[in-house]
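There are 2 protein chains.
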Amino acid sequence: MSLNHVILGLLNHNEMTGYDLKKMIQKSDFMYWSGNNNQIYKALSELNQNGFVTSEVHYQESSPNKKVYAITDAGKAVLKDWLLSPLEEMEIRKPFLMRLACAKDLTEEELLTLLNHYEEQINIQLMMTKNHAQIHASNGSVYDQRHEKHELISRFIIKNVQKSYESELMWIREFKKAFTEH
Amino acid sequence: MSLNHVILGLLNHNEMTGYDLKKMIQKSDFMYWSGNNNQIYKALSELNQNGFVTSEVHYQESSPNKKVYAITDAGKAVLKDWLLSPLEEMEIRKPFLMRLACAKDLTEEELLTLLNHYEEQINIQLMMTKNHAQIHASNGSVYDQRHEKHELISRFIIKNVQKSYESELMWIREFKKAFTEH
DNA sequence: GGTGTCATGTAAACAGTTACATGATTTT
DNA sequence: AAAATCATGTAACTGTTTACATGACACC
């Protein structure tokens with residue numbers, strides 16, 4: 001149940017509404033949850049029931065009312081426990097590799113177009129993260145960047161995602177080269 | 183429903199039982215399904231009902247009876263349709279990055295031990311894939327490697343997984359360096 | 001005598017996605 | 001006039017994992 005932990009982590013930066021959390025998770029390049037309503041509002045009510053967050057209703061005229069959530073001391077303790085607990089393994093899901101493994105009956109031409117499609121896709125994804133990174137860098141980002149330490153961390157998180165794509169592109173080029181040289 | 187497609191792809195190499203498929207998927211470094219019974223036997227009966235595979239019971243004395251599944255022409259057509267259809271996007275799930283993003287209140291020491299744990303974990307995973315690759319190379323592997331083309335493909339699939347881990351290790355070292363140099 | 005392999009299957013629980021519902025305001 | 005933003009929530013569905021059930025044989 002890691003999403004609950006991440007929500008605590010986000011609320012540890014700033015108090016927020018469910019809607020804010022949803023947008024943050026959906027925009028992020030490295031948070032791997034869809035950020036749909038069901039997930040987030042359920043997680044929040046669960047965290048609230050356990051006393052890990054508090055919620056305060058803000059009445060508004062022109063827009064619907066908000067529930068602003070804030071982390072409690074109990075929540076901070078749970079967050080820290082998680083941070084120091086054994087690390088979950090990463091998962092790489094590359095449907096392209098599945099296709100490659102099943103490509104026995106494809107012609108060399110078909111295989112090359114598949115590879116080219118993949119290269120294009122990864123290129124697009126890389127460009128998107130670079131775009132997001134620029135936006136982050138220009139307008140202050142989600143996290144407060146007054147502290148150097150935290151700035152370093154967020155820079156390296158973005159770098160990590162970009163490196164994953166760049167490494168993939170390098171592999172594709174190597175593969176294409178090996179493939180065209182029979 | 184990509185698992186069904188991959189099962190077709192595997193059966194396109196060799197006819198097999200559900201148990202064989204299960205083991206293959208569980209041992210694989212790049213197939214991202216757990217390969218539990220429920221998934222595989224359900225998928226097989228579905229493929230069978232749709233006429234994409236046939237099943238033949240092999241009676242055995244000392245072990246339980248087998249159902250050997252083979253791909254049909256209809257199954258081959260479905261497989262090829264999938265191979266030429268639009269590519270699904272890859273997903274990278276790195277719980278470590280989630281922790282980093284939530285690490286605001288950790289001390290620099292705690293953060294460094296987290297990083298070291300991660301490095302160790304990735305190192306272990308890399309070594310495991312290298313081990314698997316050796317086993318594959320020595321005893322003929324799952325796929326028949328009579329054809330050069332296919333040998334090239336399986337070599338590059340393994341290379342892809344390894345490169346993902348190596349790129350991660352490089353990132354970790356870069357991060358540790360940047361971190362210790364304040 | 002306990003664990004592991006071979007072999008198939010089901011039940012229950014949990015996680016995740018899509019789609020629905022409401023309703024005012026702002027943008028295209 | 002249609003679509004998007006703000007804002008919260010639920011229902012139905014699909015997908016995935018864990019655990020159960022059976023039973024012979026081989027290995028340590």
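For the protein sequence lines, the chains are A and B, in the order given.
Following the numbering used here, the numbering of the first sequence begins with 1 at its first residue and continues without gaps.
Following the numbering used here, the numbering of the second sequence begins with 183 at its first residue and continues without gaps.
We put the beta carbon where it would ideally sit given N, CA and C, even for glycine.
Report task. Check each candidate in B:K345, B:N186, B:I335 and B:G233 and name the one with the smallest Cα separation from B:N220. Result -> As a working note, residue 220 of chain B is residue 38 in the second sequence. Per the Cα distances, B:N186.
Query raised in the report: For the candidate residues B:V239, B:K312, B:Y241 and B:I253, whose alpha-carbon lies nearest to that of B:V188?
Result: Residue mapping note: residue 188 of chain B aligns to position 6 of the second sequence, counting from 1. The shortest C-alpha separation from B:V188 is found at B:I253.
Report task. Quick one: using the 10 Å Cβ neighbour count with 16 as the cut-off for buried, is A:G9 buried or exposed? Result -> Taking the first residue of the first sequence as 1, we reach residue 9 of chain A at position 9. A:G9 is buried by the Cβ-count criterion.
Query raised in the report: For A:I92 versus B:I335, is the C-beta distance shorter than 7 Å?
Result: Mapped onto the first sequence, residue 92 of chain A falls at position 92. Mapped onto the second sequence, residue 335 of chain B falls at position 153. No.
Query - Nearest to A:F156 (by Cα), restricted to the options B:H314, B:L229 and B:L297 - result: As a first step, residue 156 of chain A is located in the first sequence; it is residue number 156 there, counting from the start. Measuring from the Cα of A:F156, the nearest candidate turns out to be B:L297.
Query raised in the report: Three-state secondary structure (DSSP) at A:H58?
Result: Taking the first residue of the first sequence as 1, we reach residue 58 of chain A at position 58. Three-state DSSP puts A:H58 in a strand.
Query - Bounding residues of the beta strand (DSSP E) (the contiguous stretch that carries A:K66) - result: In the first sequence, counting from the first residue as 1, residue 66 of chain A sits at position 66. Residues K66 to I71.
Query raised in the report: Taking just the CA atoms, how far does B:N196 sit from B:G322?
Result: Against the second sequence, residue 322 of chain B aligns to sequence position 140. Against the second sequence, residue 196 of chain B aligns to sequence position 14. Any reading at B:G322 must be qualified, since the residue scores a pLDDT of 49, below 50, and its modelled position is unreliable; the value itself is stated next. Roughly 14 Å between the two C-alpha positions.
Report task. May I have the straight-line CA-CA distance separating B:S237 from B:Y201, to the nearest angstrom? Result -> Position 55 of the second sequence, counting from 1, holds the residue named residue 237 of chain B. Position 19 of the second sequence, counting from 1, holds the residue named residue 201 of chain B. Cα-Cα distance, rounded: 13 Å.
Query raised in the report: Are the C-beta of A:R173 and some C-beta of chain B separated by less than 7 Å?
Result: Here residue 173 of chain A refers to the residue found at position 173 of the first sequence. Not closer than 7 Å to any Cβ of chain B, the Cβ of A:R173 fails to qualify, so no.
Query raised in the report: Quick one: what does DSSP say B:M206 is sitting in, helix, strand or coil?
Result: Taking the first residue of the second sequence as 1, we reach residue 206 of chain B at position 24. Helix.
**Report entry** Local Cβ density within 10 Å of B:S349, reported as buried at 16 or more and exposed below that
**Finding:** If you number the second sequence from 1, residue 349 of chain B lands on position 167. Within a 10 Å sphere around the beta-carbon of B:S349 sit 16 or more other beta-carbons, which makes this residue buried.
Requested in this report: Please classify A:L100: is it buried, with 16 or more other beta-carbons within 10 angstroms of its beta-carbon, or exposed?
Outcome: Start at 1 with the first residue of the first sequence, and residue 100 of chain A comes out as number 100. Result: buried.
Report task. Go ahead and pull the three-state DSSP assignment for B:E273. Result -> Position 91 of the second sequence holds residue 273 of chain B. Reduced to three states, the DSSP call for B:E273 is strand.
Query raised in the report: A:E174 to B:K341, Cα distance in whole Å?
Result: Numbered from 1 along the first sequence, position 174 holds the residue referred to as residue 174 of chain A. Numbered from 1 along the second sequence, position 159 holds the residue referred to as residue 341 of chain B. Those two C-alpha atoms are separated by around 10 Å.
Query raised in the report: So what does DSSP say about A:T187, is it helix, strand or coil?
Result: Because chain A in this structure spans residues 1 to 182, residue 187 of chain A falls outside the shown range and cannot be described.
**Report entry** B:E271 versus A:I124, A:H182, A:K42 and A:Y69, residue with shortest Cα-Cα distance
**Finding:** On the second sequence, position 89 is the one that residue 271 of chain B refers to. When each option's Cα is compared against that of B:E271, the closest is A:I124.
Query raised in the report: What is the rounded straight-line gap between the Cα of B:K359 and the Cα of B:L203?
Result: Translated into the one-based positions of the second sequence, residue 359 of chain B becomes position 177. Translated into the one-based positions of the second sequence, residue 203 of chain B becomes position 21. Going from the Cα of B:K359 to the Cα of B:L203 covers about 44 Å.
Query raised in the report: Buried or exposed: which applies to A:Y118, given that a residue is buried once 16 or more other Cβ atoms fall within 10 Å of its Cβ?
Result: Position 118 of the first sequence holds residue 118 of chain A. Around the beta carbon of A:Y118, a 10 Å sphere encloses 16 or more other beta carbons of the protein chains shown; the residue is thus reported as buried.
Query raised in the report: For B:Y325, does the three-state DSSP call read helix, strand or coil?
Result: Your numbering for residue 325 of chain B matches position 143 in the second sequence. With a pLDDT of 49 at B:Y325, under the threshold of 50, the predicted position of this residue should be treated as unreliable, though the coordinate-derived value follows. Note: B:Y325 maps to coil in three-state DSSP.
Requested in this report: Give me whichever residues DSSP pairs with A:V53 in a beta bridge.
Outcome: Here residue 53 of chain A is taken as the residue at index 53 of the first sequence, counted from 1. A:V53 pairs with A:I71.
Query - Sufficient close CB pairs (3 or more, under 8 Å) joining the stretch 248-268 of chain B to the stretch 100-109 of chain A - result: yes
Query - Cut-off 8 Å between Cβ atoms - residues of its own chain near B:Y325, not counting five sequence neighbours on either side - result: Start at 1 with the first residue of the second sequence, and residue 325 of chain B comes out as number 143. In this prediction, B:Y325 has a pLDDT of 49, which is less than 50 and means its spatial position is unreliable; what the coordinates show is noted afterwards. Closer than 8 Å at the Cβ level, and outside the excluded window around B:Y325, lie H195, H332 and S336.
**Report entry** Neighbour list for A:Y41 in chain B, Cβ cutoff strictly below 8 Å
**Finding:** Your numbering for residue 41 of chain A matches position 41 in the first sequence. Chain-order list of chain B residues neighbouring A:Y41: empty, with the shortest C-beta distance near 20 Å, by a criterion of under 8 Å.
Report task. With DSSP as the reference, label B:H299 as helix, strand or coil. Result -> Locating residue 299 of chain B in the second sequence gives position 117, where the first residue counts as 1. In this structure, B:H299 counts as helix in the three-state DSSP scheme.
Requested in this report: Could you tell me the boundaries of the alpha helix (DSSP H) in which A:H5 lies?
Outcome: Taking the first sequence and counting its residues from 1, one reaches residue 5 of chain A at position 5. Where A:H5 is concerned, the enclosing alpha helix (DSSP H) stretches over S2 to L11.
Requested in this report: Rounded to whole angstroms, what's the CA-CA distance from B:L293 to B:Q208? Just pull it up for me.
Outcome: Your numbering for residue 293 of chain B matches position 111 in the second sequence. Your numbering for residue 208 of chain B matches position 26 in the second sequence. One C-alpha to the other measures close to 33 Å.
Query raised in the report: Between A:G51 and B:I304, what straight-line distance do the alpha-carbon atoms span, to the nearest angstrom?
Result: Here residue 51 of chain A is taken as the residue at index 51 of the first sequence, counted from 1. Here residue 304 of chain B is taken as the residue at index 122 of the second sequence, counted from 1. Taking the straight line joining both Cα atoms gives about 35 Å.
**Report entry** Beta-carbon proximity check, B:T311 vs B:K249, cutoff 7 Å
**Finding:** Taking the first residue of the second sequence as position 1, residue 311 of chain B is located at position 129. Taking the first residue of the second sequence as position 1, residue 249 of chain B is located at position 67. Going by C-beta atoms, B:T311 is not nearer than 7 Å to B:K249.
Query - Contacts that B:N194 makes with chain A (C-beta to C-beta distance below 8 Å) - result: Counting from 1 along the second sequence, the entry for residue 194 of chain B is found at position 12. Simply C102, K104 and D105.
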